[in-house]
Structure formats: structure tokens, C-alpha cells
Amino acid sequence: MVSEIELNKRQEKILEIVKENGPITGENIAEQLNLTRATLRPDLAILTMAGYLDARPRVGYFYTGKTGAQLLTENMKKLFVKDYQSIPVVVKENVSVYDAIVTMFLEDVGTLFVIDEKSLLVGVLSRKDLLRASIGKQELSAIPVNIIMTRMPNITVCKKDDLLLDVAQKLIDKQIDSLPIVKETDEGLEVLGRITKTNLTKAFVALAGEK
């Protein structure tokens with residue numbers, strides 16, 4: 001996807017010509033710019049692939065009427081959780097706070113998902129939860145994580161077929177770093193993966209940079 005701010009002056013001029021005269025052939029666009037058709041071909045290909053222009057055989061090019069922001073939004077709505085998810089980092093609910101801190105450090109994550117003996121989601125642990133538990137004179141190795149974790153139904157989750165755009169909104173609204181990707185079963189929620197702010201950033205940067 002070529003975003004609006006990435007268009008060069010010649011591509012912007014092509015858009016102006018097509019807006020005013022479309023449908024118009026590539027040959028006619030080239031004549032107005034005093035360029036050869038071969039010189040213009042890469043620009044027309046970029047504008048067409050990006051969605052600014054559409055082309056019809058024996059008719060020519062015409063403007064789609066969409067701005068760069070609209071096209072970017074449309075393409076964002078084609079990105080799904082399942083294509084960008086990461087492996088979840090889970091701990092059992094009887095694990096100590098100390099062990100959870102060690103796991104978070106070693107795995108270099110900001111959130112741990114807590115599961116029960118059936119491997120079903122029962123809680124979430126954030127850095128803030130663990131930091132809060134560390135303040136004071138408590139013996140961290142004696143405190144199970146199920147004492148301090150955020151429990152169901154106060155956990156925000158997503159599914160693999162959710163749109164990344166919707167997940168991004170959830171992260172913003174809840175002011176959290178990641179969401180568990182779950183599958184509903186008869187007994188509860190099974191954790192399939194995680195989606196983080198880093199996953200989202202990579203996806204949106206890749207989208208904006210596609211040619």
C-alpha cells in the first residue's frame with residue numbers, strides 16, 4: 001500500500017489529470033505530462049495497486065475517489081489476529097509470584113496468562129500486578145499468583161478471526177499491553193496465542209510500507 005504522503009509530485013499530477021479527465025488512457029496522460037508511455041507505466045502501476053486509480057480495458061484510468069487515509073483504513077480491515085499472533089506465555093494458577101516474575105523476565109513479556117489444571121484461562125498477570133505484589137515485606141515465593149491476578153470475567157480477550165483494528169481499539173480503551181487469543185470450549189476458554197502492541201505496530205508499519 002502506498003500511502004498519500006509517499007506519492008511523488010508526478011504521481012500527484014497524474015491523480016489531478018485523472019480526476020479532471022477520467023476515464024483517460026495512459027497515452028493521453030503521458031501526452032499531457034510530455035512523457036513517454038513507458039516512463040509513466042511504473043507510476044500508473046503504483047497508483048492502481050495502491051487503490052487510487054482503477055483501470056478498465058479499452059476505457060482507461062479513472063479516479064476511485066478515495067483518499068490515502070480511506071485506503072489505509074480499508075486495508076487495515078483486511079488484517080486479522082491469526083496472521084500476526086505470537087506464542088502465549090502461560091503460568092499455572094498455583095505458581096508463586098516470585099516464579100511468575102522470573103518467567104516474565106526470562107520470556108521478556110509484559111503479560112502472563114494464568115491457566116488452571118485443565119489449561120483453561122482463569123487470569124492475567126501484568127507487570128503492574130507483580131510490581132504491586134513486590135512492594136512490602138511479603139515473601140513472594142509463598143504467594144500464589146491467583147491471589148493477585150486479574151480474574152474472569154474481568155479479562156479482555158480476542159479471537160483469531162478478529163480484526164487487528166478492533167483489537168487495537170481494545171488495547172487503547174483498556175490501557176493494556178496485550179490480549180490473550182482464545183477459543184471457546186464447553187469447559188471454558190483455551191488460550192491459543194497472544195496479540196501485543198508490538199504485533200500491531202509491526203502489522204501497521206508493514207501495511208503502510210507495502211508497495
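For the sequence shown, full-length UniProt numbering begins at 1 and goes up steadily by one.
Backbone N, C-alpha and C fix where the C-beta goes; we use that ideal spot for every residue, glycine too.
DSSP state of residue i mapped onto helix, strand, coil
i: Ile195; result: strand
i: Leu112; result: strand
i: Lys159; result: coil
i: Lys174; result: helix
i: Ile24; result: strand
i: Lys137; result: coil
i: residue 212; result: It is not possible to answer for residue 212, since the shown part of the chain is limited to 1 through 211.
i: Pro15; result: In the sequence as displayed, the identity of residue 15 is Leu instead of Pro. In this structure, Leu15 counts as helix in the three-state DSSP scheme.
i: Leu7; result: coil
Exposure of residue i, with buried meaning 16 or more beta-carbon neighbours within 10 Å
i: Leu47; result: buried
i: Thr196; result: buried
i: Val2; result: Here the model assigns Val2 a pLDDT of 39, short of 50, so the residue's position is not dependable and the matter cannot be decided.
i: Arg105; result: It should be pointed out that residue 105 corresponds to Phe in this sequence rather than to Arg. Exposed, because fewer than 16 other Cβ atoms sit within 10 Å of the Cβ of Phe105.
i: Gly60; result: buried
i: Lys78; result: exposed
i: Gln175; result: exposed
i: Gly111; result: It is worth fixing the name first, because residue 111 is Thr in this sequence and not Gly. Looking at its Cβ environment, which holds 16 or more other Cβ atoms inside 10 Å, Thr111 is buried.
i: Ile172; result: exposed
i: Val102; result: exposed
i: Pro42; result: exposed
i: Pro180; result: buried
i: Gln138; result: exposed
Residue-chain proximity (residue i, chain B), Cβ-Cβ < 8 Å
i: Lys202; result: Here chain B cannot be found, since the structure has a single protein chain.
Per DSSP, cross-strand counterpart(s) of residue i
i: Thr150; result: Val124
i: Ser96; result: Pro144
i: Lys183; result: Glu190
i: Val91; result: Val114
i: Ser86; result: Arg194
i: Pro80; result: In the sequence as presented, Pro is not what sits at residue 80; that position holds Phe. In the DSSP output, where bridge partners are listed per residue, Phe80 has Leu163.
Heavy atom of the ligand NAP within 7 Å of residue i beta-carbon
i: Pro180; result: Annotation note on the ligand NAP: not contained in the displayed structure, which lists no ligands.
For this session: Mind listing, in chain order, the continuous beta strand (DSSP E) runs of no fewer than 3 residues lying wholly within the stretch 26 to 73?
Result: 53 to 56, 60 to 63
Problem set entry | Cβ pair count under 8 Å reaching 3, the stretch 86 to 97 against the stretch 156 to 176 | no
For this session: Count the C-beta pairs between the stretch 113 to 123 and the stretch 135 to 152 that are closer than 8 Å, then say yes if the count reaches three, no if not.
Result: yes
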